[in-house]
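Residue numbers (UniProt numbering): 1 to 166.
Glycine included, each C-beta is placed from N, C-alpha and C at the ideal position.
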Amino acid sequence: MPELPAAAAAQLAAQLAELGEEFQRSLPERVGQIEAAVMALGASWEDCADGEGWRCGESWEAALRELSAATHSLAGAAGTFGYPALGATALQMEALARQLQADPAARVVGSASARETFARLLATLKAPVGTAPLLISAAVSAASVGGLATAPALRPAPVLVVGDDE
Numbered sequence: 001m002p003e004l005p006a007a008a009a010a011q012l013a014a015q016l017a018e019l020g021e022e023f024q025r026s027l028p029e030r031v032g033q034i035e036a037a038v039m040a041l042g043a044s045w046e047d048c049a050d051g052e053g054w055r056c057g058e059s060w061e062a063a064l065r066e067l068s069a070a071t072h073s074l075a076g077a078a079g080t081f082g083y084p085a086l087g088a089t090a091l092q093m094e095a096l097a098r099q100l101q102a103d104p105a106a107r108v109v110g111s112a113s114a115r116e117t118f119a120r121l122l123a124t125l126k127a128p129v130g131t132a133p134l135l136i137s138a139a140v141s142a143a144s145v146g147g148l149a150t151a152p153a154l155r156p157a158p159v160l161v162v163g164d165d166e
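Right under this line is the structure:
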């Protein structure tokens with residue numbers, strides 16, 4: 001593949017840097033959405049217990065859906081913009097929320113453990129993000145964008161074809 005012309009590479013690098021900066025600015029709001037969903041989940045968790053067992057209503061389900069959506073979105077964007085640890089933490093929260101959605105028994109058996117896990121993961125998300133992440137604005141220059149076509153990660157992977165004549 002041919003390299004990008006210098007002007008196009010510079011424009012692409014500037015656009016990627018702008019997207020990275022926009023992501024950084026959105027972090028407090030994104031984490032705030034996750035925190036609100038965790039708080040709503042905690043409040044509705046109390047309502048799940050009744051005299052005959054555990055019955056979680058619409059507020060519980062809505063909180064889990066919101067938590068799943070917000071953590072899924074953050075996990076994908078964080079990985080894209082150079083925050084792999086943040087993305088991994090969000091992914092853990094999403095997995096736990098989805099487990100609770102899929103398995104009603106987990107709501108009872110693991111309720112204390114799940115609450116503690118959500119609290120721990122939320123604290124990790126809220127911790128200050130380290131300076132100079134592998135962010136687009138710091139890691140991508142026009143020269144490096146122009147050479148994308150020759151980057152080893154973007155070359156076609158070799159394909160091994162195994163045939164069975166029988």
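Is Gly20 near Phe81, with beta carbons less than 8 Å apart?
Counted from its first residue, the sequence shown places residue 20 at position 20. Counted from its first residue, the sequence shown places residue 81 at position 81. Yes, Cβ-Cβ distance for Gly20 and Phe81 is below 8 Å.
On the criterion of 16 or more Cβ atoms from any shown chain inside 10 Å, does Gly42 qualify as buried, or is it exposed?
The count along the sequence shown starts at 1 and reaches residue 42 at position 42. Under this definition Gly42 is an exposed residue.
Let me know the secondary structure DSSP gives residue 188 once reduced to three states.
Nothing about residue 188 can be read from this structure; the chain reaches only from 1 to 166.
Looking at the structure shown, is Ala127 part of a helix, part of a strand, or coil, going by DSSP?
If you number the sequence shown from 1, residue 127 lands on position 127. Of the three classes helix, strand and coil, the one that applies to Ala127 here is coil, per DSSP.
Taking the alpha carbon of Ser44 as the point to measure from, which residue in Pro28, Arg65, Arg30 and Leu16 has its own alpha carbon closest?
Mapped onto the sequence shown, residue 44 falls at position 44. Of the candidates Pro28, Arg65, Arg30 and Leu16, the one whose C-alpha sits nearest the C-alpha of Ser44 is Arg65.
In terms of residues, what are the limits of the alpha helix (DSSP H) holding Gly87?
As a first step, residue 87 must be located in the sequence shown, where it is residue number 87. Run containing Gly87: Pro84 to Ala102, per the alpha helix (DSSP H) assignment.
Starting from Gly79, trace the alpha helix (DSSP H) in both directions and tell me its first and last residue.
Taking the first residue of the sequence shown as position 1, residue 79 is located at position 79. Unbroken alpha helix (DSSP H) run through Gly79: Glu58 to Thr80.
Does the Cβ of Ala13 have 16 or more other Cβ atoms within 10 Å, making it buried, or fewer, making it exposed?
Translated into positions along the sequence shown, residue 13 becomes position 13. Result: buried.
Under 8 Å, do Ala119 and Leu96 count as touching if we go by C-beta distance?
Walking along the sequence shown from the start, residue 119 turns up at place 119. Walking along the sequence shown from the start, residue 96 turns up at place 96. No, the pair does not count as a contact, with Cβ atoms beyond the cut-off.
Return yes when the Cβ of Thr71 is within less than 8 Å of the Cβ of Ala88, no when it is not.
Against the sequence shown, residue 88 aligns to sequence position 88. Against the sequence shown, residue 71 aligns to sequence position 71. No, the pair does not count as a contact, with Cβ atoms beyond the cut-off.
Relative to the C-alpha of Glu122, which candidate in Ile34, Gly79, Gln15 and Pro84 has its C-alpha closest?
Taking the first residue of the sequence shown as 1, we reach residue 122 at position 122. In the sequence as displayed, the identity of residue 122 is Leu instead of Glu. That would be Ile34, whose Cα lies nearest to the Cα of Leu122.
Assuming Gln101 contacts Ser68 under a Cβ cut-off of 8 Å, what Cβ separation, rounded to an integer in Å, is found between them?
For this step, residue 101 is matched to residue 101 along the sequence shown. For this step, residue 68 is matched to residue 68 along the sequence shown. Confirmed, Cβ separation roughly 7 Å.
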